[in-house]
């Protein structure tokens, strides 16, 4: 069973807006985590700057970088059609099927790395009321949610790419939001001759015409 182009467009749009909401939440939670790390580091007089706090700061800093990159690219992809109409060519380029698939796939990998790094320091136990621990675990959870959301978006874009190719479109120039239904070329059947001295044509498109296997018959000339 094939998935309709309208459903793919709706799914793509929904996943992207979900990613925008999640990345805004991640921005807030990760900023709070960095603030707590710096606060604890200052309270201890920099004693742990070369230890665990430095590692935590590095993990949260990488996640912040991925967050800002996603926050920069995702609205441009979601609103690409409107931005392109206003002369912003970068948005139009991002919405091409191949470019959009590559961009989303790279973001997905970056969020996977972020989730692994954050989970390595977040641990599996409870926080016991520790604010830094709670914020770090929350940032880790939203990093994984963003990874799975972009993983689903990547799968949808692969389906859009395949549908674009099956409908005869150019995946290098077709926009992801313009995915359509594949069209099948109907088989052509040879018609009858227009003149008496014209022989019946052979079958076209692999479909045998009515006269395809009939012997050639001379037609009388009209009076």
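Numbering (our numbering), first residue to last: 231 to 453. Glycine included, every Cβ here is placed at the ideal spot set by N, Cα and C. Quick caveat: nothing in here was measured; it's all calculated off a predicted structure.
Helix, strand or coil, according to DSSP, for residue i in the structure here?
{"i": "residue 326", "result": "strand"}
{"i": "residue 363", "result": "helix"}
{"i": "residue 345", "result": "helix"}
{"i": "residue 316", "result": "coil"}
{"i": "residue 437", "result": "For residue 437, the predicted structure reports a pLDDT of 47, less than 50, and the residue's modelled location is therefore unreliable. The matter cannot be settled from this model."}
{"i": "residue 419", "result": "With a pLDDT of 48 at residue 419, under the threshold of 50, the modelled position of that residue is not reliable, and no figure is offered here."}
{"i": "residue 388", "result": "helix"}
{"i": "residue 353", "result": "coil"}
{"i": "residue 414", "result": "For residue 414, the pLDDT reaches just 43, beneath the cut-off of 50, and the residue's location in the model is therefore unreliable, leaving the point undetermined."}
With 16 other CB atoms within 10 Å as the buried threshold, where does residue i fall?
{"i": "residue 300", "result": "buried"}
{"i": "residue 236", "result": "exposed"}
{"i": "residue 240", "result": "exposed"}
{"i": "residue 310", "result": "buried"}
{"i": "residue 341", "result": "buried"}
{"i": "residue 372", "result": "buried"}
{"i": "residue 360", "result": "exposed"}
{"i": "residue 418", "result": "Any reading at residue 418 needs caution, since the residue's pLDDT is 48, under 50, leaving its predicted position unreliable; the model's value is listed next. Exposed, because fewer than 16 other Cβ atoms sit within 10 Å of the Cβ of residue 418."}
{"i": "residue 272", "result": "exposed"}
{"i": "residue 302", "result": "exposed"}
{"i": "residue 313", "result": "buried"}
{"i": "residue 316", "result": "exposed"}
{"i": "residue 298", "result": "exposed"}
{"i": "residue 253", "result": "buried"}
{"i": "residue 416", "result": "For residue 416, the predicted structure reports a pLDDT of 42, less than 50, and the residue's modelled location is therefore unreliable. The matter cannot be settled from this model."}
{"i": "residue 282", "result": "exposed"}
Which residue from the options puts its Cα closest to that of residue i?
{"i": "residue 335", "options": "389, 342, 239, 384", "result": "384"}
{"i": "residue 374", "options": "343, 388, 396", "result": "343"}
{"i": "residue 250", "options": "380, 289, 389, 353", "result": "380"}
{"i": "residue 367", "options": "264, 245, 303, 382", "result": "264"}
{"i": "residue 365", "options": "254, 245, 267", "result": "267"}
{"i": "residue 258", "options": "247, 331, 293", "result": "293"}
{"i": "residue 382", "options": "298, 289, 393, 339", "result": "339"}
{"i": "residue 243", "options": "291, 304, 283", "result": "304"}
{"i": "residue 246", "options": "328, 378, 290, 313", "result": "378"}
{"i": "residue 325", "options": "391, 396, 254", "result": "391"}
{"i": "residue 337", "options": "323, 248, 296", "result": "296"}
Please confirm whether residue i and residue j have their CB atoms less than 8 Å apart.
{"i": "residue 376", "j": "residue 285", "result": "no"}
{"i": "residue 270", "j": "residue 362", "result": "yes"}
{"i": "residue 348", "j": "residue 332", "result": "no"}
{"i": "residue 238", "j": "residue 346", "result": "no"}
{"i": "residue 320", "j": "residue 306", "result": "yes"}
{"i": "residue 351", "j": "residue 261", "result": "no"}
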